[in-house]
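**Q**
2 protein chains.
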Amino acid sequence: MTGMTEIDRQRRPGPRIEEVARLAGVSKSTVSRVINGEQYVSAKARSAVQDVIARLRYSPNHAARSLAGSRANAIALVVSEHGSHVLGDPFLAGVLRGVHAELTGRHMQLLLMLSRPEDHDDLVSYLSGGHVEGALLISLHGDDPLPARLHEAGLPVVVGGRPLSNATVPFVDSDNFTGGLDAARHLVSLGRNKIATIAGPKDMAAGLDRLGGWRRGLGEAKLAANLVAEADFTPESGARAMTELLDRAPDLDGVFVAADIIALGALQVLHARGRRVPQDVAVVGFDDSLLASTATPPLTTVRQDVEQLGRTMTWRLLGELAGEDGLPPSLLLPTSLVRRASA
Amino acid sequence: MTGMTEIDRQRRPGPRIEEVARLAGVSKSTVSRVINGEQYVSAKARSAVQDVIARLRYSPNHAARSLAGSRANAIALVVSEHGSHVLGDPFLAGVLRGVHAELTGRHMQLLLMLSRPEDHDDLVSYLSGGHVEGALLISLHGDDPLPARLHEAGLPVVVGGRPLSNATVPFVDSDNFTGGLDAARHLVSLGRNKIATIAGPKDMAAGLDRLGGWRRGLGEAKLAANLVAEADFTPESGARAMTELLDRAPDLDGVFVAADIIALGALQVLHARGRRVPQDVAVVGFDDSLLASTATPPLTTVRQDVEQLGRTMTWRLLGELAGEDGLPPSLLLPTSLVRRASA
DNA sequence: TCGAGTTCTGGGAGCGCTCCCAGAACTCGA
DNA sequence: TCGAGTTCTGGGAGCGCTCCCAGAACTCGA
Numbered sequence: 018m019t020g021m022t023e024i025d026r027q028r029r030p031g032p033r034i035e036e037v038a039r040l041a042g043v044s045k046s047t048v049s050r051v052i053n054g055e056q057y058v059s060a061k062a063r064s065a066v067q068d069v070i071a072r073l074r075y076s077p078n079h080a081a082r083s084l085a086g087s088r089a090n091a092i093a094l095v096v097s098e099h100g101s102h103v104l105g106d107p108f109l110a111g112v113l114r115g116v117h118a119e120l121t122g123r124h125m126q127l128l129l130m131l132s133r134p135e136d137h138d139d140l141v142s143y144l145s146g147g148h149v150e151g152a153l154l155i156s157l158h159g160d161d162p163l164p165a166r167l168h169e170a171g172l173p174v175v176v177g178g179r180p181l182s183n184a185t186v187p188f189v190d191s192d193n194f195t196g197g198l199d200a201a202r203h204l205v206s207l208g209r210n211k212i213a214t215i216a217g218p219k220d221m222a223a224g225l226d227r228l229g230g231w232r233r234g235l236g237e238a239k240l241a242a243n244l245v246a247e248a249d250f251t252p253e254s255g256a257r258a259m260t261e262l263l264d265r266a267p268d269l270d271g272v273f274v275a276a277d278i279i280a281l282g283a284l285q286v287l288h289a290r291g292r293r294v295p296q297d298v299a300v301v302g303f304d305d306s307l308l309a310s311t312a313t314p315p316l317t318t319v320r321q322d323v324e325q326l327g328r329t330m331t332w333r334l335l336g337e338l339a340g341e342d343g344l345p346p347s348l349l350l351p352t353s354l355v356r357r358a359s360a
Numbered sequence: 018m019t020g021m022t023e024i025d026r027q028r029r030p031g032p033r034i035e036e037v038a039r040l041a042g043v044s045k046s047t048v049s050r051v052i053n054g055e056q057y058v059s060a061k062a063r064s065a066v067q068d069v070i071a072r073l074r075y076s077p078n079h080a081a082r083s084l085a086g087s088r089a090n091a092i093a094l095v096v097s098e099h100g101s102h103v104l105g106d107p108f109l110a111g112v113l114r115g116v117h118a119e120l121t122g123r124h125m126q127l128l129l130m131l132s133r134p135e136d137h138d139d140l141v142s143y144l145s146g147g148h149v150e151g152a153l154l155i156s157l158h159g160d161d162p163l164p165a166r167l168h169e170a171g172l173p174v175v176v177g178g179r180p181l182s183n184a185t186v187p188f189v190d191s192d193n194f195t196g197g198l199d200a201a202r203h204l205v206s207l208g209r210n211k212i213a214t215i216a217g218p219k220d221m222a223a224g225l226d227r228l229g230g231w232r233r234g235l236g237e238a239k240l241a242a243n244l245v246a247e248a249d250f251t252p253e254s255g256a257r258a259m260t261e262l263l264d265r266a267p268d269l270d271g272v273f274v275a276a277d278i279i280a281l282g283a284l285q286v287l288h289a290r291g292r293r294v295p296q297d298v299a300v301v302g303f304d305d306s307l308l309a310s311t312a313t314p315p316l317t318t319v320r321q322d323v324e325q326l327g328r329t330m331t332w333r334l335l336g337e338l339a340g341e342d343g344l345p346p347s348l349l350l351p352t353s354l355v356r357r358a359s360a
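Taken in sequence, the protein lines are chains A and B. Quick note: to get the numbering used here, add 17 to the position in the first sequence (first position is 1). Quick note: to get the numbering used here, add 17 to the position in the second sequence (first position is 1).
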């Protein structure tokens, strides 16, 4: 009997607002006001309620709040899943940490969804159906129609990484252009004058912007910016691209590679072809992922702060939900060159 | 005016169950039965309701369902965050993909939470407060008290990775012991007879189990199993461990490293010390992460299927929520040796 | 001291579903 | 043909909150 009661109590989802109200000697309206941090509650009532909440370990029922307040108290983090899953991996954990950090203390749940192109219809109707108040989208290809569709459906959205097509959707991105520019300037400052690049995919803004920065950097130095090969986010494609570049220009003496993981493949080829790094060919990567410091030789690279990206996206979205004005439509986060052995 | 209406309509979260019922010519009870796949609905009523649902793109209000049904229709994925964030990274994306795959089609939301030891109290009261029906926990240290606390609080829980202390909490893990065993056997089969290991942290079952398998493998071959160094999940610690091992046994001819990322550091030291891999020293890693195929030389390693881990955890949890019996308390997923150049 | 303004409070409707109940409509064997 | 069992249906209470409203309790200057 006693045992039963104990189990019942454990499984039963705790006290209600009514009980808090009773013990604090106020109405449940007042308890609600305290929970939601509203003004117009006397100091006495507020502290009485807070005491009882702490004592009972009361945690308001999320479903009831959402239903009564007709807002979801939740945002979605939508992660695109394309063929190559590579892209998401290094990003995801960092972004997640940032999002979570920015969300703590708010009464806001984080819903996680993966999106595949064939699920777009379901996703749009789910997300715009009032289940969430807004969405953060990451790992998109630049031309993904999802952000625009959600935006048009009236859902507040912030995209991680500049979308290619629709400038109307707010986004947060690393300043890829300046990153590429810094990489090129660094190679130039080392006295290199036959500088190539392995660019990222053309269907992502990150790839284009880094390439653009590199071009600008070579232009500043009056160097030809024609040694361009393309790779996706795999070492294999990096190896192919490096091979192509060496065939076209055996005397190249510097390469800016649009991602550390691509650089790994490039380094292998350089090594196999007998080029010393950095003596013969200086290499600069991008991301400052774990791979960079453990590459042979350790990779000089452009660092982007992925956790900060997550924080900033969340801050921007919550700002919009709170109706703040003066929010920047989009933001670029600074990158920085991390010097190691490869350049 | 027209503009206003349009915006209003867009932001308003779609039709209610009442409207579906009216258009389908049935009561909302019947609509509810169809939504929840209950029996005792005539074929005629069912298809009428389904037609209307499809036509209106009706999506039931999650908060209302949870409140009325007094179940949360949500599970939590709790990711532990410790000092070194490295651990979570390769895991997270894969596990997530598995969890999501297993969840599609069910009316079950995935809530994401990070946990730090100092947040445990809040987390326990939140999770056991009826906001979720169960929790998946990953990236835990072996002695983390969180799973046991949630389990005791009556919340269905499945842990990814065997917990060290409490055997009572269901878990899913890769078969790390057999993985370590296979690695050792492979090294033995190559004729190596002075075989070391760089083990993972002692406070995680994965580390201990892989070490145990390696010991067993050497025991089978009557080889001494005393060359053990320890590292955490960073290349730097792998480099230190490899240095230590080479100092102790300059003539070692094989190493099993408990994680690819640790092996990266070990490879650097071997190279720096003039050991050829695999001719002088054969190296076997663990994980078959992205790092393995791009290491120099490409790493022979024990593959674990992280996505399958996520799927299996979710399947186990949903099974328990559905009250199925005959569920295995815990599961071990097979690993397999992937042969590349390093051994 | 008074009254207008401000601060604080409780009551009760309602958010959109599910679940329970009672009864109607079928089935099918004797 | 009848009745017991099964299948199907609708009505209405209730899940635990928020939000609106009306009114009570304070403030403070003239």
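Even for Gly, the Cβ is constructed at its ideal location relative to N, Cα and C. From a predicted model like this one, the values you see are computed outputs, not experimental measurements.
(1) With distances taken between CB atoms, is the gap from serine 206/B to valine 300/B smaller than 8 Å?
(2) Which first and last residues belong to the beta strand (DSSP E) in which serine 191/B is found?
(3) Return yes when at least one heavy atom of the ligand ZN lies under 7 Å from the C-beta of valine 245/A, else no.
(4) Whole angstroms is fine: what's the gap from phenylalanine 188/A's alpha carbon to glycine 343/A's?
(5) Taking serine 347/B as the reference, which of Val355/B, Thr311/B, Ala60/B, Gly336/B has the closest Cα?
(6) Let me check one thing: in DSSP terms, what residues is aspartate 304/A bridge-paired to?
(7) Do three or more CB pairs link the stretch 314-321 of chain A to the stretch 158-168 of chain A at distances below 8 Å?
(8) So if I threshold CB-CB distances at 7 Å, which residues from the stretch 142-153 of chain A count as touching chain B?
(9) Just to confirm my understanding: we take glycine 105/B, look at its own chain, exclude 5 residues before and 5 after, and list those with CB closer than 8 Å. What are they?
(10) Could you list the residues in the stretch 240-264 of chain B with a C-beta less than 7 Å from some C-beta on chain A, going in chain order?
(11) Closer than 8 Å, Cβ to any Cβ of chain B: which residues of the stretch 285-319 of chain A, in chain order?
(12) Identify each residue in the stretch 206-231 of chain A for which the Cβ-Cβ distance to at least one residue of chain B is less than 8 Å, and report them in chain order.
(13) I believe methionine 330/B touches glycine 177/B by the beta-carbon criterion, under 8 Å. Please report the beta-carbon distance rounded to the nearest angstrom.
(14) From what residue to what residue does the alpha helix (DSSP H) around alanine 280/A run?
(15) Please tell me whether asparagine 53/A has its Cβ less than 8 Å away from any Cβ of chain B.
(16) Between histidine 158/B and methionine 221/B, which are expected to be in contact by the criterion C-beta below 8 Å, what is the C-beta distance as a whole number of angstroms?
(17) Note down, in chain order, each residue of its chain lying with its Cβ closer than 7 Å to the Cβ of valine 298/A, except the 5 sequence neighbours on either side.
(18) Quick check on serine 101/B - is its C-beta less than 8 Å from some C-beta in chain A?
(19) Along the chain, where does the beta strand (DSSP E) containing methionine 130/B start, and where does it finish?
(20) By DSSP, does glutamate 247/B sit in helix, in strand, or in coil?
(21) What residues in the stretch 115-132 of chain B have a beta carbon less than 9 Å from any beta carbon of chain A?
(22) For a contact meaning CB atoms closer than 9 Å, what does arginine 72/A contact in chain B?
(23) Against chain A, does leucine 344/B count as a neighbour if the rule is that its beta carbon must be under 8 Å from one of theirs?
(24) Using 8 Å as the Cβ pair cut-off and three pairs as the minimum, do the stretch 85-93 of chain A and the stretch 106-125 of chain A touch?
(25) Mind checking tyrosine 57/A: buried by the 16 CB within 10 Å criterion, or exposed?
(26) Who are phenylalanine 273/B's beta bridge partners in DSSP?
(27) What would DSSP say about isoleucine 24/B, mapped onto helix, strand or coil?
(28) Spell out whether any CB of chain A is found under 8 Å from the CB atom of leucine 109/B.
(29) Using 8 Å as the threshold, is the C-beta distance between serine 173/A and leucine 284/A below it?
(30) In terms of residue numbering, what span does the alpha helix (DSSP H) encompassing leucine 181/A cover?
(31) Use the C-beta contact count for leucine 262/B: other C-beta atoms within 10 angstroms, 16 or more gives buried, fewer gives exposed.
(32) Who are the Cβ neighbours of leucine 109/B in its own chain at under 7 Å, not counting the five residues just before and after it?
(33) Can valine 355/B and aspartate 277/B be called in contact, C-beta distance under 8 Å?
(34) Starting from glycine 230/B, trace the alpha helix (DSSP H) in both directions and tell me its first and last residue.
(35) Can you check whether the C-beta of glycine 282/A is within less than 8 Å of a C-beta belonging to chain B?
(36) May I have the straight-line CA-CA distance separating arginine 26/B from glycine 115/A, to the nearest angstrom?
**A** Taking the structure as given:
(1) Here residue 206/B is taken as the residue at index 189 of the second sequence, counted from 1. Here residue 300/B is taken as the residue at index 283 of the second sequence, counted from 1. No, the Cβ-Cβ distance between serine 206/B and valine 300/B is not below 8 Å.
(2) Sequence index remark: in the second sequence, residue 191/B carries index 174 (1-based). It spans 188-191 - the beta strand (DSSP E) in which serine 191/B sits, taken as one unbroken run.
(3) This structure simply doesn't include the ligand ZN, nor any ligand for that matter.
(4) Position 171 of the first sequence, counted from the start, is the residue given in the question as residue 188/A. Position 326 of the first sequence, counted from the start, is the residue given in the question as residue 343/A. Those two C-alpha atoms are separated by around 15 Å.
(5) Your numbering for residue 347/B matches position 330 in the second sequence. With distances taken between Cα atoms, serine 347/B lies closest to Gly336/B.
(6) Along the first sequence, one-based indexing puts residue 304/A at 287. According to DSSP, which records beta bridges pairwise, aspartate 304/A is partnered with Arg320/A.
(7) no
(8) Ser142, Tyr143, Gly146, Gly147, His148
(9) If you number the second sequence from 1, residue 105/B lands on position 88. Confidence is the limiting factor: at glycine 105/B the pLDDT is only 47, short of 50, which leaves the residue's position unreliable, though a coordinate-based value still follows. For glycine 105/B, where only same-chain residues beyond five positions count, the Cβ hits under 8 Å are Val96, Ser97, Glu98, Ile155, Ser156.
(10) Pro252
(11) Along the stretch 285-319 of chain A, the positions whose C-beta sits under 8 Å from a C-beta of chain B are Gln285, His288, Leu307, Leu308, Ser310, Thr311, Thr313, read in chain order.
(12) none
(13) Taking the second sequence and counting its residues from 1, the one referred to as residue 330/B is at position 313. Taking the second sequence and counting its residues from 1, the one referred to as residue 177/B is at position 160. Sure, about 5 Å apart at Cβ, within 8 Å.
(14) On the first sequence, residue 280/A is found 263 positions in, with the first residue counted as 1. That run of the alpha helix (DSSP H) goes 277-289.
(15) Translated into the one-based positions of the first sequence, residue 53/A becomes position 36. It does not; no Cβ of chain B falls within 8 Å.
(16) Residue 158/B sits at position 141 when you count from the first residue of the second sequence. Residue 221/B sits at position 204 when you count from the first residue of the second sequence. Contact flag correct, Cβ pair sits at about 6 Å.
(17) One-based indexing of the first sequence puts residue 298/A at position 281. Cβ neighbours of valine 298/A beyond the five flanking positions: Leu269, Asp270, Gly271, Val272, Leu287, Arg292.
(18) The count along the second sequence starts at 1 and reaches residue 101/B at position 84. Per-residue confidence for serine 101/B stands at a pLDDT of 46, beneath the threshold of 50, marking its modelled position as unreliable; no derived number is given.
(19) Counted from its first residue, the second sequence places residue 130/B at position 113. Where methionine 130/B is concerned, the enclosing beta strand (DSSP E) stretches over 126-132.
(20) To locate residue 247/B, count along the second sequence from 1; it is residue 230. In the displayed model, glutamate 247/B falls within a strand according to three-state DSSP.
(21) Val116, His117, Ala118, Thr121, Gln126, Leu127, Leu128, Leu129, Met130, Leu131
(22) Here residue 72/A is taken as the residue at index 55 of the first sequence, counted from 1. Residues of chain B passing the Cβ test: none, with the nearest at roughly 12 Å.
(23) Taking the second sequence and counting its residues from 1, the one referred to as residue 344/B is at position 327. No, because no Cβ of chain A sits closer than 8 Å to the Cβ of leucine 344/B.
(24) Yes, the stretch 85-93 of chain A touches the stretch 106-125 of chain A.
(25) As a position in the first sequence, residue 57/A is number 40, starting the count at 1. It counts as exposed.
(26) For the purposes of this step, residue 273/B is taken as the residue at position 256 of the second sequence. Paired residue(s): Thr214/B, Val301/B.
(27) By one-based count along the second sequence, residue 24/B stands at place 7. Because the pLDDT of isoleucine 24/B is 29, which lies under 50, any placement of that residue in the model is unreliable, and the number read from its coordinates should be weighed accordingly. In the structure shown, the three-state DSSP call for isoleucine 24/B is helix.
(28) Translated into the one-based positions of the second sequence, residue 109/B becomes position 92. Leucine 109/B counts as touching chain A.
(29) On the first sequence, residue 173/A is found 156 positions in, with the first residue counted as 1. On the first sequence, residue 284/A is found 267 positions in, with the first residue counted as 1. According to the sequence as given, residue 173/A is proline; it is not serine. Their beta carbons are not under 8 Å apart, which means proline 173/A does not touch leucine 284/A by this criterion.
(30) Within the first sequence, residue 181/A is the residue found at index 164, counting from 1. Here leucine 181/A belongs to no alpha helix (DSSP H), and DSSP marks it neither H nor E.
(31) Within the second sequence, the letter at position 245 stands for residue 262/B. With 16 or more other Cβ atoms within 10 Å, it is buried.
(32) As a working mapping, residue 109/B is identified with position 92 in the second sequence. These residues qualify, in order along the chain: Val96.
(33) The residue labelled residue 355/B in the question sits at position 338 within the second sequence. The residue labelled residue 277/B in the question sits at position 260 within the second sequence. No, they are not a contact pair.
(34) In the second sequence, counting from the first residue as 1, residue 230/B sits at position 213. Note, glycine 230/B: alpha helix (DSSP H), 222-237.
(35) Looking up residue 282/A in the first sequence gives position 265. It does: the Cβ of glycine 282/A has a partner Cβ on chain B nearer than 8 Å.
(36) One-based indexing of the second sequence puts residue 26/B at position 9. One-based indexing of the first sequence puts residue 115/A at position 98. The predicted model places arginine 26/B with a pLDDT of 28, which falls under 50 and marks its position as unreliable; any figure quoted below should be read in that light. Those two C-alpha atoms are separated by around 34 Å.
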